[in-house]
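Following the working numbering, the numbering of the sequence shown begins with 335 at its first residue and continues without gaps.
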Amino acid sequence: MDKTFEPQSIEQQCYQQWESKGLFKPSGSGDPYCILLPPPNVTGSLHMGHGFQQTIMDALTRYHRMKGNNTLWQVGTDHAGIATQMVVERQLNAQGQTRHDLGREEFLKKIWEWKEHSGGTITQQMRRMGTSADWDREVFTMDENLSAAVTEVFVKLHEEGLIYRGKRLVNWDPVLHTAVSDLEVLNEEEAGFMWHMRYPLADGSGELVVATTRPETMLGDTAVAVHPDDERYQSFIGKEIKLPITGRLIPIIADDYVDPEFGTGCVKITPAHDFNDYDMGKRHDLPMINILTDDAKINREAPEAYQGLDRFEARKQIVADLEAQGAMVKIEDHKLKVPRGDRTGAVIEPYLTDQWYVAVESLAKPAIEAVESGEIRFIPENWNKTYYQWMHNIQDWCISRQLWWGHRIPAWYDDQGNIYVARTEEEVRTNHNLSADVTLRQDEDVLDTWFSSALWPFATMGWPQNTPELQTFVPSSVLVTGFDIIFFWVARMIMMTKKFTGQIPFKDIYITGLIRDENGDKMSKSKGNVLDPIDLIDGIDIESLVNKRTSGMMQPQLAEKIAKRTRKQFPEGIHAYGTDALRFTFAAMASTSRDINFDMGRVEGYRNFCNKIWNASRFVLMNTETEDTGREGGDIVLSLADRWIWAKFQQTLKEFESALADYRFDIAAQTLYEFTWNQFCDWYLELTKPVLNSDTSSEAEKRGTRHTLINVLESLLRLLHPFMPFITETIWKRVVPLSAVKVPADASIMVQSFPQVDASKDDDQVLSDIEWVKRFIVGIRNIRGEMDISPNKPLSALLRNVSQDDQRRLDLARGFLDKLARLESAKILAAGEEAPASATALVGEMEILIPMAGLIDKDAELARLSKAMDKVEKDVARTDGKLSNEKFVSNAPEAVIEKERAKLEDAKKQLSKLKEQYTTISAL
């Protein structure tokens, strides 16, 4: 093996071999285990959330493949209607064209061309993460078979009256000219105004004052509402208002929705431009007056003076006109949530328009029951509440989008406005006996991307055909996804899969947390804190990183700020950590928390972990490659340490599988780390040296230790493989020919069986015996460290309070103690026997005493400790003073304050330890 671990030299070669050999395919035997990849946008590139979730999915897939399951990770991408159309439209705009210049058919050809050449970025990046998905089954939501499934579902739901066309309020993006889902709307707080306006009573007997953040919508007001129990307005209910500017008469109504404490307690009601007002309008049968065009200009429903004005220009004009009429009471600064389209940044308008809807109430009921009965379970379980809250308050689903890219709605219209739904135009004519001279035009709209995604669990398996895959992999085993799409995707998959297959789509839903930066902030380009998983794998120099984070920014000041922060955070750029270190970091962070702060220090730590595994493997191979490991037979005698490491491995294996069964990847990762680093690498490798390097050890004993070294390592590599596929594959190929495992020369670790618990290797006695040995060795090493005694200097020990078990262990492990504790002699003190001035350590009740005479210069050591205490005391005083400074605490970021507190705590612990050492040495 190479002296150093270089992930870049092994990763892509490993992956190409796996994929070319077809190792990611289902085996066809064993119980089925299936994971559905949440389909990323075809326009997208890998981000930290993808890397995090896909690490979890791949770890589960690799684990169950090795457990003998018939394992499928179904992979694919989503056509991402809005995002993809925008990409190609921008390309056309750069050439001075629009999609309308090309026409629908030619524009769609352009999109397909773009998809063919540029749409595979994210799937190539997924391969870099070690994704062991069945790429031969990769699907795209616009593929012919998936498109056929979408059409079939639409037609069947329409036939049952569950899909209908109607005029309702939707989120409208006036730049894209389409309805958008709530998930595509960003609601962020912005500075605005609250306008207080006088609305005079029609009979001239008084007025009401209403407050609004959108004065232009008054043009569409159809009522003013008050709370029915608000004593201030009891006499006004039932009267009419003369709406300023328009002169229309509108009623004063009473509704429990109105909050008497907010504003004046009077609310203007604009049913066509506010979702809450829309519901109230339906309750009170109010007219719904739409005052906007599809590009958010004032339409002909408004007075002529405002027609054609942009909504914000109209706002200015209306405010000026109200002020001129004396109808404006006051204008206040006001913080409000402004809905903006996530693609365009445009302010989203609630807009009354004709759209296609799914009536979901009957679909929701069995979907709710599937979770209530435990047939489907959420992990963590508390997400049930979120699911129920949404599902019990579910509204009909708007599924149409005013785009060209997507699944075109299978509906046709004749010249009389009749609507016909069928799979094809020919089917329409056949079903309705329409002659060839009847002109039909297909609906221009496409379906919401979430509609096709809702069919993912069964459409990817060949539905509506009754395929073997449909029979085998529905329901799938687990869905790994984020909490933000529980309603938009998870719930809809449950509804649709139950409806069309009678099955649940998946048994478990594992909800991951959201990856944030080290300070807990959401990663975003505007914050300049986005990390690219590929950059962490390959490394990136600082100038490239700065350019990446600031490219395309319109605001030079923001770009400069981000560049400065980036250079400060990563003065040398980002080092190459490799995929295994990044994957292990993701696994170790996968706790039950809703938010997960990504710490670069942990990636560095797990890169060191990879080095530790590599170097330990080199040690094992150096001691076994040219030696007899018992592979071909021969007597084997296992030492106490050999039996201990096998027992410890069984314990680790049980803990790992228990954690994985509970989706506690963080605990599973910690279990692997603890055993690999602390038990196998640090302790067991040291414990083998007294056997391997001893002239008194028999060949059977040495063979036993070599056998244990190579076979524990081989088993450990299989245990680590689901989390760290590349390093384990590479080392395993070197290790397995020396082990007891017989495989073909070109075998891969990923299709080997996962280690199984071997009850014959469980041994509680040997576990406790070695723990005693470890405490003994650590006790003496601590004394060396505290007293500044050379690790190579042999020591004589006196033992007090020695039990029969201590005596047995002393005899059993004397070879380990002599070599690893550098123990020259060990004398057991008789009861009451005095001991010279000594440093002490405890192993249970037994006391280890190391006489200090001749070992240290007491005065020099006290002087050294005194100097060290002075320095640490100054550090404590300085940090304590900083934290006592009110100005510092009130102005510094919380992360900085926490860092200083941790620094103070560490310094206090260090000072306490130094004082203990000083006291101990003083007493000698």
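For every residue, glycine included, the Cβ atom is placed at its ideal position computed from N, Cα and C. The model shown is predicted, which means the values in this text are computed figures rather than measured ones.
Nearest-angstrom Cα separation, counted from residue j out to residue i
| i | j | result |
| --- | --- | --- |
| residue 589 | residue 392 | 53 Å |
| residue 639 | residue 843 | 56 Å |
| residue 948 | residue 990 | 21 Å |
| residue 805 | residue 381 | 34 Å |
| residue 934 | residue 1004 | 17 Å |
| residue 655 | residue 663 | 13 Å |
| residue 527 | residue 668 | 5 Å |
| residue 848 | residue 994 | 20 Å |
| residue 465 | residue 1216 | 48 Å |
| residue 580 | residue 699 | 46 Å |
| residue 824 | residue 379 | 22 Å |
| residue 1231 | residue 1239 | 12 Å |
| residue 593 | residue 582 | 25 Å |
| residue 1037 | residue 1243 | 46 Å |
| residue 661 | residue 541 | 10 Å |
| residue 417 | residue 479 | 22 Å |
| residue 882 | residue 428 | 22 Å |
| residue 1265 | residue 683 | Lying outside 335 to 1258, the shown extent of the chain, residue 1265 is not represented and no answer is given. |
Backbone secondary structure at residue i - three-state DSSP
| i | result |
| --- | --- |
| residue 821 | helix |
| residue 613 | helix |
| residue 667 | strand |
| residue 872 | helix |
| residue 548 | coil |
| residue 592 | coil |
| residue 1256 | helix |
| residue 890 | helix |
| residue 600 | coil |
| residue 903 | helix |
| residue 641 | coil |
| residue 672 | strand |
| residue 503 | strand |
| residue 1259 | The requested residue 1259 is not part of the displayed model; the chain covers only 335 to 1258. |
| residue 634 | coil |
Nearest-angstrom Cβ-Cβ length linking residue i and residue j, presumed shorter than 8 Å
| i | j | result |
| --- | --- | --- |
| residue 1267 | residue 897 | No answer is possible for residue 1267: the residues shown for the chain start at 335 and end at 1258. |
| residue 783 | residue 413 | 7 Å |
| residue 845 | residue 817 | 5 Å |
| residue 1131 | residue 1160 | 5 Å |
| residue 597 | residue 564 | With a Cβ gap of about 12 Å, residue 597 and residue 564 do not count as contacting. |
| residue 436 | residue 449 | In fact, because the Cβ distance is near 16 Å, the residues do not count as touching under 8 Å. |
| residue 871 | residue 836 | In fact, because the Cβ distance is near 43 Å, the residues do not count as touching under 8 Å. |
| residue 430 | residue 920 | Actually they are not in contact, since the Cβ atoms of residue 430 and residue 920 sit about 45 Å apart, beyond 8 Å. |
| residue 957 | residue 1006 | Contact doesn't hold; Cβ gap of about 23 Å is too wide. |
| residue 924 | residue 390 | 6 Å |
Of the residues the options, the one placed nearest residue i, counting alpha carbons only
| i | options | result |
| --- | --- | --- |
| residue 1127 | 1154, 1103, 658, 1145 | 1154 |
| residue 1134 | 1117, 1168, 1146 | 1168 |
| residue 977 | 351, 812, 1098, 1193 | 1098 |
| residue 356 | 469, 388, 413 | 469 |
| residue 809 | 496, 840, 642, 579 | 840 |
| residue 616 | 753, 975, 501, 866 | 501 |
| residue 447 | 916, 425, 456, 429 | 425 |
| residue 547 | 478, 484, 671 | 671 |
| residue 917 | 880, 463, 802 | 463 |
| residue 310 | 1057, 939, 1072, 910 | With the chain represented from 335 up to 1258, any question about residue 310 goes unanswered, as that position is not in the structure. |
| residue 767 | 748, 709, 877 | 748 |
| residue 1259 | 673, 486, 434, 441 | Past the boundaries of the shown model lies residue 1259; the chain is included only from 335 to 1258, so the question cannot be answered. |
| residue 677 | 420, 438, 1192 | 420 |
| residue 756 | 514, 1017, 487 | 487 |
| residue 1002 | 1053, 973, 495 | 1053 |
| residue 1086 | 349, 702, 397 | 397 |
beta-carbon residue i near the ligand COA non-hydrogen atom, thresh 7 Å
| i | result |
| --- | --- |
| residue 749 | As far as ligands go, the structure on display features none, and thus does not contain the ligand COA. |
Margin query: Give the list of continuous alpha helix (DSSP H) stretches no shorter than 4 residues that lie fully inside the region 415-491.
Written below: Qualifying alpha helix (DSSP H) stretches, in chain order: 415-428, 433-436, 438-452, 455-462.
Note to self: Suppose only complete runs of 3+ residues qualify. What are the beta strand (DSSP E) ranges in the region 1122-1199, listed by chain order?
What the structure shows: 1129-1134, 1157-1162, 1172-1177, 1180-1185, all fully within the region 1122-1199.
Next item on the list: Could you tell me which uninterrupted alpha helix (DSSP H) segments, each at least 4 residues in length, are contained entirely in the region 1040-1113, listed from first to last along the chain?
Entry: Qualifying alpha helix (DSSP H) stretches, in chain order: 1059-1069.
Checklist line | Completely contained beta strand (DSSP E) runs for the region 506-579, where each covers 3 or more residues | finding: 512-514, 519-534, 541-546, 557-560, 574-576
Checklist line | Every unbroken beta strand (DSSP E) within the region 788-872, with a cutoff of 3 residues, ordered by chain | finding: 810-816, 840-846, 848-850
Check: Whole alpha helix (DSSP H) runs in the region 678-753 with 4 or more residues, listed along the chain?
Finding: 695-706, 717-726
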